[in-house]
Structures are given as C-alpha cells and as structure tokens.
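Reading through the structure tokens given below for one structure.
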Amino acid sequence: MSGTIRQAMTPAITRLREHFDEIRPVLDAQERTAEGIEMLRTRLVKVRRIVNRLEEKANQWQDYIRGLPVNERQAEEQVLANFAPLEHHYAEWIENAHELIADIEIVLAESEDGSTQSDLSEELGVGQNRMNQSRRPQVFVNEGQ
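Mapping to the UniProt record's numbering: the sequence shown position 129 is 129, numbers consecutive.
So this is what it looks like as structure tokens:
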C-alpha cells in the first residue's frame, strides 16, 4: 500500500521542484514584469494543487500506518522517515512549498498594491503626472478688517 502512495508522491515532488526552478528567479528578480507576475499567478495555482495532493497522500500514509499491526508499524514508520525523493524528505518539500506560496502571495499583493497606489497617486496629483494639482481651497484673509 505505501508503495503506491510513494509512487504518487514522487512525480508530484518532481513537478514541485520544476516549479521551484521556474519561480525562484522571478521572485528574486529586481524588476517585476507583467509576464513574470502572470506566470506567478498561474504557477501559484499549480503549486497549491501539488501541495494539496502531497498532503493528502501523506495523511493517507499516516492513516495506513496507524491501521497496521504493531509488529509491522515500526518498519513502515522507518520507510516513512526515510522517504526522501530528490534528496529531501517529503515533509521538507511540503514545507518549502508553503514558503514559496507565501512568497508568491507577497509579490502578487505588492504588485497589486503598487499598481493601485500608482493609479491613486496620479489621480491625486502626487505621481509623475501632476496634471491634477492639489486643489485645496484658497482662503483669502481680509487685512483691512
């Protein structure tokens, strides 16, 4: 049973690693491009799906272990502890993916805030386009009164 679980997890982890390799340079870039932001949106959905699948399989494996007779449980727990596709334990892959998801969400939020802030700044006359100069009411004080 755990063999089929591991067989399902290994390709998911391989895909996750491919996403890491594609996403990291975009996250680490000094300049954000529209194409990069769009790629992050697309990859975010895919990474979340993979993480959900891996967590589902990990829970299935834990349930399987709990259902084993005591004399078989220890051996299967050892298999679980040693399951490290692509040189990292599967739990580490999941944890790193959660961090990647958080990083992507931060960049996407910043890009949305940045464009919203920029539009608002222009509208208020604070950005580079100052056509809308500040329109404070002018108060004239009568010096003679």
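C-beta: ideal position from N, C-alpha, C; glycine also. Here the structure is a predicted model, which is why all the values come from computation and not from measurement.
Under a three-way DSSP split, which group does residue 75 fall into? For this step, residue 75 is matched to residue 75 along the sequence shown. Residue state, collapsed to three classes: helix.
Are the CB atoms of residue 27 and residue 103 within a distance shorter than 8 Å? Taking the first residue of the sequence shown as position 1, residue 103 is located at position 103. Taking the first residue of the sequence shown as position 1, residue 27 is located at position 27. Taking 8 Å as the Cβ cut-off, residue 103 and residue 27 qualify as a contacting pair.
Taking the alpha-carbon of residue 108 as reference, which of 48, 20, 40 has the nearest alpha-carbon? Against the sequence shown, residue 108 aligns to sequence position 108. That would be 40, whose Cα lies nearest to the Cα of residue 108.
Spatial distance of residue 96 from residue 90 (CA atoms): Translated into positions along the sequence shown, residue 96 becomes position 96. Translated into positions along the sequence shown, residue 90 becomes position 90. If you take the alpha carbons of residue 96 and residue 90, they lie about 10 Å apart.
Starting from residue 22, trace the alpha helix (DSSP H) both ways and give me its first and last residue. Locating residue 22 in the sequence shown gives position 22, counting from the first residue. 2-28 is the span of the alpha helix (DSSP H), which, as asked, contains residue 22.
With 16 other CB atoms within 10 Å as the buried threshold, where does residue 75 fall? Residue numbering aside, residue 75 sits at position 75 when the sequence shown is read from its first letter. By the Cβ neighbour-count rule, residue 75 is exposed, with fewer than 16 other Cβ atoms within 10 Å of its own.
According to DSSP, simplified to helix, strand and coil, what is residue 32? Within the sequence shown, numbered from 1, the residue matching residue 32 stands at position 32. If DSSP states are grouped into helix, strand and coil, residue 32 belongs with coil.
What do you get for residue 86, buried or exposed, if any count of 16 or more other CB atoms within 10 angstroms of its CB means buried? Within the sequence shown, the letter at position 86 stands for residue 86. It is exposed - the Cβ of residue 86 has fewer than 16 other Cβ atoms within 10 Å.
Apart from the five residues just before and just after residue 36, which ones in its own chain have a Cβ nearer than 8 Å to its Cβ? The residue you call residue 36 lines up with position 36 of the sequence shown. Only 26, 29 meet the Cβ criterion.
Segments assigned alpha helix (DSSP H), at least 4 residues, entirely inside the region 40-77: Runs of the alpha helix (DSSP H) inside the region 40-77: none found.
Is residue 102 helix, strand or coil when you go by DSSP? Counting from 1 along the sequence shown, the entry for residue 102 is found at position 102. Helix.
Please name the residue in 4, 12, 18, 99 whose C-alpha comes closest to that of residue 49. Position 49 of the sequence shown, counting from 1, holds the residue named residue 49. Cα-wise, what sits closest to residue 49 is 12.
Cα separation between residue 66 and residue 5? Counting from one through the sequence shown, the residue named residue 66 turns up at place 66. Counting from one through the sequence shown, the residue named residue 5 turns up at place 5. The C-alpha of residue 5 is placed about 15 Å away from the C-alpha of residue 66.
Sequence-distant residues of the same chain with beta carbon closer than 6 Å to residue 23, five excluded per side: Here residue 23 is taken as the residue at index 23 of the sequence shown, counted from 1. Same-chain partners within the cutoff: 43.
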